[in-house]
Each structure stands twice: as structure tokens, then as C-alpha cells.
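Read the structure below first, then the notes.
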Amino acid sequence: MTGSITRALNWDNVYEQQFIAVTPIGDEVLLYQTNHEDPGIESNSMMKLQSRSGFENIQCSSYSDTNKGIVGVGSINGNISIFDIYTPNSSILNLRPKQNRPCNSLSFSSNSTLIVAGFDKGRQDNSLQIWDIESYSSSTSNSHLKRPLTTYLPNEAILSTVFYNDQNSNIICGSYKFLREIDLRSDQPVFQMATKCTLGLQIDYFQNHLFQSFSEDGSLAIWDRRKLSTHKYKLAGPSNVITETPILQFNKLLSDTSSRKVQHPCVRYSTVRKGEFAAVFNGDLIRRWQTDMVPADQSLPDSLKFKDTLSSSPTLQSLKQQAAQLYKPKEESLFVSFVLDTKTDYEKVVSFDYSPDITSHTSTNFVCMRQSGTVFRMPVVECIEGFGFNPINEFSIAGPEGTATHFLDQQFLDTNFATDNLRRNNRSSLARLAGLDLNDNLKRDEDTSLTSSTVDDESLAPSNVQRDKRFSFDNPYDEDIPLNRFLDSSDIIGNDICVTIRKRAEMGYEVDCDKNISILEKLDVSNNKLFLKNTWKWLSLAKKSLDKGTMISEGIDLGYQGVLGIWNGVQEMNNNQKRTLTGEYITESWMSQAVKNIVSSKGNKTSGISIPSESDKKAQRKLCLIVCGWYFTDSEFDEKLKFLISLGYYEKAAGWAVFHGDVPKAIEILSQAKSEKLRLIATAVAGYLAYKNSHVNSPWKDQCRKMALELDDPYLRAIFAFIADDDWWDVLDESALSLRERLGVALCFLSDKDLDVYLNRIADTVVNRGELEGLILTGITPRGIDLLQSYVDRTTDVQTAALIASFACPRYFTDDRITHWTDCYRNLLNSWGLFSARARFDVSRTKLSKTFGGQTTIKARPKQVYLQCNRCNKNISKIKSNNVNNQALLKQQFNKMNNPSKQSDVINACPHCGAPLPRCSICLLSLGTELPLEPLEKLAVSNDPSIISAQRIENRFREWFSFCLTCNHGCHAYHAEEWFSKHYICPVPDCNCRCNSK
């Protein structure tokens, strides 16, 4: 024996728990008690109360539940010592078998004075022996108790034995090959079963019909006594052996990989939580298994009968029979719900037992014994049992200590929340969007240093994170950084994408591109989502062009096509996209003519676009430049440069000048800067004019190449990379430049072959990385949906993906991924109660699905709520004509709502059976009658059409039916609102219903 510690149940001293320990060398028995100085405070200290020494090689131990203080130990020579540990000088009752042999197991009866011992095999003596120690006295010799009351099982070693908690006369014992239940009132076992799991027998404290055992190889089994002792297993003779599988078995659960046999494992059933047991591993880990029971289904028949047995194949019949044998729904089944690991406070733990927490009925502590014999008590950090989020990202936790809910701070729930300090940093956002025709009303703040960074997606460019938000791990003063500076629960949960999506939706983030940009400006004050604003700006320009019809020519619809689609031509257009009215195949000549017509429709603005003269796709290049927004007249380009200079972005202005092939203009811009560094750079760039025609590798070119690698600003790096070798590929390799700028350079200066290679290479990059600005290149096409999928995988922003995809799907093509995003977003809106936003989203998708031929690819949903006549049960507003479809019905209702000069038909009775409609309980007029309200001209105090429309809708709402679901009395909504603003009782006489309080 390597030492053990066991909690003595029913020995508790008020709230103090007592534990019996046997030292690892087996020569002493000790009694420990928990030490709580304050009963309201949990303490982990242990106090030694008593000890008893003088024993040799203790093999097993037990205690009496009914007689506090009575302890028994069994030694390797077979001697059993019974004594009162509370009385140090009490006499010891020594019990021994006829032949000296090891005592392997010892157990006291829970409700009587019986004690059972299991010994090794003896030649003329039984191995299972029971004594009655009722007359034991701690002050006399007790010589009259030497002989056992009864004995069982000759010629067989008993390895473990235990009394049942609820029965004084029944014992379960295990030998090398058999597991038996012995009834002391009978000569024959209740059952005997062949199994290797016969060691460490323990009864579940909460479920007395369950017990467990393990084998030498570490396999653990849990048995149900009720299945073993039923009438069908009663034995006719001593040789009969039953076969029954455990209700739960773990193969080699307790084994060590280094040895075949388990060396003294310690397994305990929990005395704190029902269905839990634990074991110690490697001396420093206690693993806990929580089991639960699946109740029997009594509604099923005794045998599973399959109706198709006759028609099934023999193989199928065999599988069904096997399934019926394995799965027995009429019997309870045990399963493991979860497993928890607890590291011990100290190493080399050989034994442990459960210790309840006095401050919580469900918390657990462990009292452990180390290999040295020291005892310590340790708390267990309980795992949460339930965790759930609500739709707004607040979460609740349920565990042994109770429940707790984490509510979001108001700053994450208020859509108007933004600080003035963060808004200052937002100025650079509009500057970066300057080339996309945003209002140029932003002035530079001289006190604020602004940079001209061009990588807009912060998650893809961590080097562009604002310096004041970064922590330097090389700084010696930052060695001890508190964890909450990195991880704050409110910040993490509050900035989760679900919270962001909800904020946007509440602010009207839908398919209005310009409105979405303004919403992002309000929410993204720290300027981390500039890529999203750029994408919506491109979509805004693309939608305006499509609405004007400038992207439709020769019957081909090029709406929302990107640079790659226009460049590839018919290869892209015929790729599962419907770009014509009839869906016919588009030829090269047809496509070429359509592109030329679109370019020519732009007028003089496209005539100044500079492209390679040797290109075979001049029209496609020009249209690609139009699509990506990289085409300006001379006056427009000068205005853009002046705007950037006014904001202090000299580097970006000079870079744009170089990208348009005007190096002298770039030199002029840099020389005007207030910074001495930029003026010196202008001098260095001026050397290009002297060396541009020279192919000799001069020191000036070497210095330019060096500066192209060392400078921080991407525009300056691009300038020096170009002037060093006069190669545009060096500019295109500058990944810090925005995609739009790189596309503009490639379209203006690369050859057709190089451009084809570059566009396909950069398309693969943006699709794989999910860069949303890459839609300028891919467009909203099947390739663009691949990009959106990567974006959703990276950010989980299903809202933006669903909104962007709705512009082209199902108008041009369909995709199951878009359907999934749409359904997810609609479910999110419904879960937040934003039903109006969800309805507007559905209506917007329907409008966007209309082709240029006027055909709607999404069918509008008909009304789902109708008024039903309570006499004929028919729809009282149903149109009698069978030729009117749902769309015509919706159109007719829309015209009625928005045409004030046309009086709608007044319905006072059912159009089918003529039954009159119910009357208003206040005005006594039919509920289908229009109310005599003031004329619309008197109500309207503004010429604003939106105000007039809102007043008109309000007037129509006043006429709607309003019914009480308790008393069934109805009235006009306007009358009900007026009545219940002053009364509580129903307006119908003799009706005492409080309609408005239900």
C-alpha cells in the first residue's frame, strides 16, 4: 500500500470534515480535520487530531459510519486491528484468519456492526470472512470476538469487497476471475460473473445501485446491480456463471503507458456531485468524469419490429437486428457528459478524496496525500456548465456557484457614441478618398500630423496600426504590461462583428452606397475600415453609371463589371452570367462594339487618356480606367493635386504626378513643401531629367535604388524605384500603394501581354486574401463572390457580403453562398427585432434584381395577413379577377397609398357574402368607413414630399382595425388611441374589460 486518505462520512464536526489517513509506509493511522476559523470563510488548512501507530505493513483500511471513531486496518500478515481513534489508549481488537495471509480488503457495514474482510487464498480456510463487533469495547480485551460470524469462498483469493450502503446483509466481492454478490442469509451467491474488473470496488454514494471496479491493466467498469440480480439470473447451482456487460466501460483508463499493470491507482466516487468520479494520474493531475443517465423510454414496445423486414435484404435485416441488440431504449443508459482535469498544488500525490466547500453546496475541494505522507487541501476551479449569448452579444454563465450575466457597456449599444479625439483622426479618411470625388471641404489641421498611408485594411497591414495604439516589446519599461491592456472583455465583445453589424443596421446601413459611407465615417472614427468606404464609393459610382444606362450598350449589360472582366471580354461575360436579355452567347465583335460605344459616350473626357499606342485593346483599356476611376481631364487632375497639396500630402501628390508620367510636376510639388527633407528629395528626383536617357549604371541611380528601399513613405519609395530604372514594374511591386493606383499605372503603361499577367496575378492575390477593394478588379461576378467568401472567412462580416452581392445576384447570376449570407443576415435582423430593416433589405433586393429589360428576377412576396369574413371565412379584400397576379396586386395597393387624388374603394361589407363589417364601438361607423379627418392640405405644414407622405401614412393608420383579444370589441385605431389615453375600461357599455392593460 502506498498510503491513502479517505473522508469519514458522518463523522463531520458541525461544518468541519474529518479524514482518515494511512501513511505510505503503512505503520500509522492519522485523523485529520479541516480548519475553518470563520464558518463563513473557506479555508484550505488541515489539522491533525489523532494518530495511532505500531502497525506493520497496512494493506487496507476502513471505518464505521454508525460508530464514530471506530477504524479498522488490515496488514500483510492477515491481522485486522479494530480500534477507537478518538481514544488514544483504547484497546485494539485483533482479528485474524486461521492461516496467516495478506488481508486485501476491509469494509464496515453502514447500518450494523458487521465487518467483512477479504484474504488471499488459504488451503483450509475461506477467503471471505465476516465478524460482528457489536460487543466491541475499547476498554476490555474483547477475546470473545475472535471467531468470524460466517465465511465464504474457499480456495480463492478475495481482492476487494464492500458492503452495500442500503443493505446490511449484502456484500459484493471480487476475486481474480469473478465478481460476486453475497447475501449473508443465503449459502449461494446472488450472482457470480466472470470479469477481469474485480479490484477497487466502490458504491456510488448518490445511486446505490451503481458500483465500479477496475482491472490490473487499468480498465474501469461501472455496473448496474439491478441488471445483475434480476430473477432471470438467479442461480441453480454454484457453478452457474452469468454474462453481463457493464453499463459503462473504459479500456485501460487508469493504466500507465510504461507498464502493463496499474500500480495502486486511486479512484474515488464523488460525495459532492452526483454521477462524478475521479482518479489521480502521474501524481500531479486529478481527472474528473461527469456521467449522466439517459432514462428508459417506456413508450416503446418490448421488441423493435420493422415493418419492412420482409422486403429488406438479409444484410439490412442483420444490421437492424444488431442495432436493436446494442441500443435498448427500454433500459437506462449511462454516458460521460464531460471530463475535467485539475492540476494538484503539489507533486507526487498518491491518494485523495472529495471535500465539500462550506460556502457553496456545489463547489469541490480535494484533500490529497503526497508520497512523503504530508496532507494538504486544495480548491478546484469549477468549469462553467452553461454559456450562452443573446442576440446583442451579451452572455450569461451558469456554473456551480450560480449564474452571472455580462451586459455590454452603453458605449457599445449607443450608435451615436464617438469621442472628439477619435474624430480628429478621421480627417485623413476623406483625403484618401479625394480621388473618388468626395466633397473636398476638408482643411488640414496644422496641429495634427497626418500621414499618407495607403493600405486601408488594418487587418492586412499591421504595420500601419497607429503608433499610439502599439506596444513595444523591446522597450525595457514595458516588461510588465498588465493583461487587461491587451484583453478587456467589454472591448472584445463590444467590438465583435455582431455588435458592429447591429450598429450599422440601426443607423440604416443598407444598399444606399452614399449613406453607407457616411455611416462608416461616424462609426469608424479611428479610420480602420477605409477599404470598406472605398468599396462602397466604387459601388456608388458603378450603380450611378448603370442607372444612367452608360454601362449598357448593344444589348450587353456591363453593370458592376470589374477591370478583369472587361479586359478578358467574352471569356468572362459568358461564364455563367446573364448579360443579355435573351442570355445568348456574346461574340468578340459584339463585345468590342459595345465597349467602344460606352467609351465614346463619355465624350471628350476619355480622349485625353494616355495608353500604349501598340495596344490591341485600346477601348478595353479606356473602359477599365473608367471603371477603376483613374481617368481625369487636365483640369480635374490639377484640382486633385491642389487639393492634396492643401492638405499637406505632398508625397501623395508627387506620386500621382509620376503615375501620370509627369516627373517635372512631381519635382515642382516636392520643391514647394515646407519640409526641408522633401525639398532635398525634390533635388534628388530632378536628377532623373539628366539621367533618364542614360543606360549607364551611375552612382545617382544606385542612391535612388537605395532610397527606394529605405524611405518610409510608399509614394516616395515608388518615385525613386521608378526613376532609378525607368521601369513601371518597380512601382507595381510597391504593395503599400492602393490597388486603384496600381491598376491605373498598369493600365496606362504596361503592354497587353504584361497587363494580362499582372491582372490575373493580382486578382489571385486579392481573392485569396479577401481584400474587399479587390472588387474594383473582379467586379461583382462569380470571381468577386470568391473574394467575398474569403472576406467573410476572414472577418465574418456577413452583412457587407450580403448587401454587396445583392447588387448583382440574382440579376446576373445565382450562387448558393449568397443565399446563405442573405439568410444569415435576415436571421440576424429578425433576432434583434429590426424587422423594418429586414423588410427594407428584402424590398431593396427585389428592386436591384430588375434587369435592364424591366424583368424582376426576385418575385415580390404577397401580403401574408388578410382580413377574413367571420361568416363565409373568405378574404374581404380579395380581388375577384383571376387575371391579377401578386405583383399586380402589390402595384395596385402601392398606387392607392401614394395617389391622394384617387379615392380608394370603401368596403363596408364582405364582397362575397354581403355580411356587414363590425362597427367601431366609439363612433358606431363601420370599420371599413373612412374617418372624417381634416383635409390633407390642412395637415401638411410643409412642402416636403417626405413629410406629406408620412402624414398620409399616419392618416391611413388611423382607419385601421383595432380589436381587443379578450372581449373581442373593436374600434378604429385612432379612436382607440384617443379613448384609452383618458380611460382604462372598454368603451362598450356593461363591459369591464381593461383592453389596453392586457
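Quick note: the sequence shown uses the working numbering, first residue 56, plus one each step. Ideal placement from N, C-alpha and C gives every residue a C-beta, glycine not left out. Please read these numbers as outputs of a predicted model, since none were measured by experiment.
Beta-bridge partners of residue i, as assigned by DSSP
i	result
H1027	F1016
Y324	F332
Q304	A276
D1087	No answer is possible for residue 1087: the residues shown for the chain start at 56 and end at 1053.
I237	I226
G834	Q616
R611	One point to set straight first is that residue 611 is Ile, not Arg, in the sequence displayed. BP columns for I611 point to S608.
E723	Answer is none; E723 lacks a bridge partner.
V349	S388
T642	According to DSSP, which records beta bridges pairwise, T642 is partnered with nothing at all.
G265	Here residue 265 turns out to be Leu, not Gly, going by the sequence shown. The partner list for L265 (beta bridge, DSSP) reads D279.
S117	G127
P209	N181
8 angstroms Cβ shell around residue i - same chain, five flanking residues per side excluded
i	result
E789	P769, R772, A773, A776, R797
W1015	H1027, A1028
C1048	C1019, T1021, C1022, H1024, I1040, C1041
I611	M628, R634, T635, I641, W645, M646, A649
Alpha-carbon to alpha-carbon, residue j and residue i
i	j	result
N629	D671	21 angstroms
T57	I140	21 angstroms
T205	T168	14 angstroms
I277	F74	26 angstroms
S861	E669	39 angstroms
A489	G703	Unreliable placement is indicated for A489, whose pLDDT of 41 sits below 50; the coordinate value is still reported in the next sentence. Taking the straight line from one Cα to the other gives about 13 angstroms.
N223	L239	9 angstroms
S793	N631	30 angstroms
H875	G617	24 angstroms
F1	R634	The structure shown does not extend to residue 1, since the chain is modelled only from 56 through 1053, so no value can be given for it.
F698	Y686	17 angstroms
N571	D807	37 angstroms
C1050	N930	26 angstroms
A1005	G909	29 angstroms
T419	Y409	7 angstroms
T216	E236	10 angstroms
L827	Q844	10 angstroms
S891	G839	29 angstroms
L744	A708	19 angstroms
K375	T877	42 angstroms
N134	Q262	33 angstroms
V84	E437	32 angstroms
E678	I664	The question names Glu, but residue 678 in the sequence shown is Leu. Near 10 angstroms, if we compare the C-alpha coordinates of I664 and L678.
F110	S136	9 angstroms
Close Cβ partners of residue i (< 7 angstroms) along its chain, the five nearest in sequence each way excluded
i	result
S726	R734, A737
P203	Q184, I185, W186
K176	S182, N210, E211, A212
E299	M248, K282, L283
C968	C924, R926, C927
P865	S904, T912, I913
Residues near residue i in its chain [Cβ-Cβ closer than 6 angstroms; skip 5 each side]
i	result
L234	M248, T250, T253
N197	L148, Y191
A63	Q73, I75, Y118
Y880	V853, Q854, A857
Y440	Checking the sequence shown, residue 440 turns out to be Glu, not Tyr. Here the set comprises A453, G454.
S504	Confidence at S504 is low in this model, with a pLDDT of 33, below 50, so its placement is unreliable and no value can be given for it.
T346	G330, L389, V391
T460	S451
P411	V327
V1043	S976, H1024
*Could you tell me whether the region 855-866 touches the region 636-644, using the rule of 3 or more Cβ pairs below 8 angstroms?*
Between the region 855-866 and the region 636-644, the count of C-beta pairs closer than 8 angstroms stays below three; the two stretches do not touch.
_Completely contained beta strand (DSSP E) runs for the region 378-466, where each covers 3 or more residues_ = With a minimum length of 3 residues, the unbroken runs of beta strand (DSSP E) contained wholly in the region 378-466 fall at 388-398, 404-412, 415-425, 430-434, 441-444, 450-454, 457-461.
*With a floor of 3 residues, list each beta strand (DSSP E) that falls wholly inside the region 136-175, ordered by position along the chain.*
The beta strand (DSSP E) runs of length 3 or more contained entirely in the region 136-175 are, from start to end of the chain, 148-150, 158-163, 169-174.
*Assess, as a yes-or-no matter, whether the region 148-162 is touched by the region 103-115 under the definition of 3 or more beta carbon pairs within less than 8 angstroms.*
Yes: at least three Cβ pairs fall under 8 angstroms.
*Counting pairs of beta carbons, one from the region 418-426 and one from the region 400-408, are three or more of them closer than 8 angstroms?*
With the cut-off at 8 angstroms, the region 418-426 and the region 400-408 touch.
*Enumerated in chain order, which unbroken segments of the alpha helix (DSSP H) with a length of 4 residues or greater are wholly contained in the region 854-942?*
Unbroken alpha helix (DSSP H) stretches of 4 residues or longer found wholly inside the region 854-942: 871-886, 890-903, given in chain order.
_Whole runs of the alpha helix (DSSP H) within the region 643-694, excluding any shorter than 4 residues_ = If we require 4 residues or more, the alpha helix (DSSP H) runs fully inside the region 643-694 come out as 643-656, 673-682.
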